[in-house]
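2 protein chains.
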Amino acid sequence: MDVNGAIEKRVREAGLRPTRQRIALASLLFAKGDRHLSAEELHEEAVAAGVPVSLATVYNSLHQFTEAGLLRILAVEGSKTYFDTNTSDHHHFFIEGENKVFDIDPGAVKVLNLPEPPEGLEIANVDIVVRLRPKRVR
Amino acid sequence: MDVNGAIEKRVREAGLRPTRQRIALASLLFAKGDRHLSAEELHEEAVAAGVPVSLATVYNSLHQFTEAGLLRILAVEGSKTYFDTNTSDHHHFFIEGENKVFDIDPGAVKVLNLPEPPEGLEIANVDIVVRLRPKRVR
DNA sequence: TTTTTTGCAAACGTTTTGCACACAT
DNA sequence: ATGTGTGCAAAACGTTTGCAAAAAA
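Protein chains in written order, with our numbering: chain A, 1 to 138; chain B, 1 to 138.
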C-alpha cells in the first residue's frame with residue numbers, strides 16, 4: 001500500500017526498524033493530521049484497530065518517535081503525558097477539567113521581549129499554554 | 001515570635017487552623033521570597049529543619065494553601081508537580097535535565113495576538129515556559 | 001467535648017524495567 | 001545467525017486515601 005509505504009519509510013528514516021507494531025502506531029499517529037494523544041489513548045486505538053500491541057511497546061515507540069523528532073512531548077499539567085504529532089513551533093489551548101488539548105492557530109501568537117537566558121544556557125523552545133475554563137454565566 | 005506570628009496570621013486568614021506543621025511549612029515556603037518546590041523537596045526541607053511532618057501532610061498543606069490562593073501550581077512537564085509561592089502573573093524558565101524552575105522578569109514578556117477562545121470558554125490564564133538547555137560548544 | 005488535622009500504611013494510576021521469546025535483517 | 005524489538009508481569013514513581021490517634025477549638 002502507498003500510505004503504509006510512506007509510513008514505513010518514515011519509521012526507517014528515523015533509524016528504527018519498521019516492525020509491524022511501529023508501523024501500525026505510526027499510521028495511527030500520522031495518518032490524520034495533528035493529534036494530541038496519551039499512551040493509553042494510542043494503545044486503545046491500536047487494539048480497537050486490531051493491532052494488539054502491549055502498552056509497554058506503545059510507550060517505547062512513543063519515546064523512540066520523540067527522540068527521532070517525529071513527536072513532541074506536550075507540557076501540560078496533570079498526571080498523563082501527551083504526545084503531539086505536530087513538531088513545529090506552535091502553542092496550545094488546554095481545557096481545564098477535561099484535560100483536552102488543541103492547537104492555537106500558529107500564525108496568531110507572538111511573544112515579545114523574551115529575556116536573554118542566563119550565561120551558558122540557550123533557549124530550547126518556548127511553550128505557551130492558554131488554559132481555558134467554561135465561561136461563567138452572569 | 002514576630003515572624004511566626006505573621007505566618008500564623010496568614011494561615012489563619014486562609015481559613016486553616018494554625019497547626020505546628022502548617023506553620024512550619026508556611027514558614028519554609030514564604031519566609032524567603034519566591035520559591036518553586038515539589039512536595040518531596042518541601043518535605044525534605046521540613047525534616048531537615050527538625051519538623052518531622054509526614055509527606056501526606058505536606059501534600060495536604062500544599063493543596064490547602066493552593067486553594068486558599070497562597071500558592072500556584074506550576075505546569076511544567078515531568079512527573080512532579082511544582083508549587084510556586086509567587087501567585088501573581090508571571091512566567092518561567094525551566095532548565096531541562098535539572099528540573100529547575102525560575103521566574104522570568106515579570107515586566108519583560110508580552111504576548112500578542114492571543115486568539116479568541118472557542119464559544120463558551122474563557123481564558124483562565126496564560127502560562128509561558130521557556131525551556132533552557134546547556135549551550136552547545138562549537 | 002467536638003471538630004479538625006495528622007501520620008501511617010495501603011491503594012492508586014501512570015510509566016518504566018527485566019527478561020524470555022519473536023522478529024527483522 | 002545476529003541483533004533488535006516485543007510482551008508480560010513486576011517494580012517504580014508520585015500522589016491520594018482511609019482510618020485511628022493526636023491536637024486545636
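Heads up, the beta-carbon is just placed ideally off N, CA and C, and yes, glycines get one too.
Remember, predicted model here, so these are calculated numbers, not experimental data.
Residue i by DSSP, collapsed to three states: which one?
i, result
"A:Asn-113", "coil"
"A:Ser-9", "Here residue 9 of chain A is Lys; the residue named in the question, Ser, does not match the sequence. Helix."
"A:Ser-54", "coil"
"A:Leu-70", "coil"
"B:Val-47", "helix"
"A:Leu-121", "strand"
"A:Arg-131", "strand"
"A:Leu-37", "strand"
"A:His-92", "strand"
Should residue i go down as buried or exposed, given a rule of 16 or more other Cβ atoms within 10 Å for buried?
i, result
"B:Phe-102", "exposed"
"B:Asp-127", "buried"
Establish whether the CB of residue i and some CB of chain B are separated by less than 8 Å.
i, result
"A:Val-101", "no"
"A:Val-11", "no"
"A:Val-130", "yes"
Establish whether the CB of residue i and some CB of chain A are separated by less than 8 Å.
i, result
"B:Val-53", "no"
"B:Pro-134", "yes"
"B:Leu-71", "no"
Beta-carbon within less than 8 Å of residue i's beta-carbon, same chain only, minus the 5 sequence neighbours each way: which residues are those?
i, result
"B:Leu-28", "Leu-42, Glu-45, Ala-46 and Ala-49"
"B:Ile-73", "Thr-66, Thr-81, Tyr-82, Phe-83 and Asp-84"
"B:Ala-24", "Ala-46, Ala-49, Val-51 and Val-53"
Once the 5 residues before and after residue i are set aside, which same chain residues still bring their CB inside 7 Å of it?
i, result
"A:Arg-22", "Val-11, Leu-16 and Ser-61"
"A:Gln-64", "Leu-16"
"A:Tyr-59", "Ala-39"
"B:Gly-78", "Asn-99"
Excluding sequence positions up to five away, which residues of its chain have a Cβ less than 6 Å from the Cβ of residue i?
i, result
"B:Leu-55", "His-43"
- Item | the region 37-69 of chain A: positions lying closer than 7 Å to chain B by Cβ | none
- Query: Looking at chain B, which residues of the region 80-105 of chain A have a Cβ within less than 8 Å of any of its Cβ atoms?
  - Reply: Thr-81, Phe-93, Ile-95, Glu-96, Ile-104 and Asp-105
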